[in-house]
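In my numbering, the protein residues as written are 252 to 389. We put the CB at the ideal spot given by N, CA and C, even for glycine. Only a predicted model underlies this, so the values are computations on that prediction, with no experimental measurement involved.
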Ligand SMILES: [Zn+2]
């Protein structure tokens, strides 16, 4: 039964959570200690969204390394229009007597690896994406 999040000890920017705060406002609040020594109460959502990362002191000097939270950045670049009739890079349509199939390929080190032939475009795209992740990690 660990439903409540305990942020005690966690760090959010210049703030270290020192304990839960009581508040009449809706939502969960935490008491945080700032690097400058101030203690403030911050709404949990604001901590998590990194909306509040300091007590409000001149934050610029200390936050050198931190990149601003990249929000709303599209994870996957939109699929480039590929000239293979599927609109998906690495996936091509194959017309067989038995019906339409989709072939997935990926280039690794200049070589094309065949990932398989699938009944649906979705499966082929999935296979291609999985392969991309697999090879990118190495
Ligand atoms: Zn401060």
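query                                                                                                                                  : result
Check: residue 303 C-beta below 7 Å from any heavy atom of ligand 1                                                                    : no
Nearest candidate by alpha-carbon position, reference residue 380, set 369, 371, 357, 362                                              : 357
Cross-strand partners of residue 379 (DSSP beta bridge)                                                                                : According to DSSP, which records beta bridges pairwise, residue 379 is partnered with nothing at all.
Continuous beta strand (DSSP E) assignments of at least 3 residues falling wholly in the stretch 343-369                               : 350-359, 362-369
Euclidean distance between Cα positions of residue 276 and residue 308                                                                 : 24 Å
Contacts around residue 344, its chain only, beta-carbon distance under 7 Å, and the 5 residues preceding and following it disregarded : 335, 336, 337, 351, 353
For residue 374, three-class secondary structure by DSSP                                                                               : helix
8 Å Cβ cutoff met for residue 259 and residue 272                                                                                      : no
Reduced DSSP secondary structure (H/G/I, E/B, other) of residue 301                                                                    : coil
Helix, strand or coil at residue 314 [DSSP, three-state]                                                                               : Low confidence applies to residue 314: its pLDDT is 48, below 50, so where it sits in the model is not reliable enough to give any reading.
Sheet register partners of residue 262 (DSSP bridge)                                                                                   : 267
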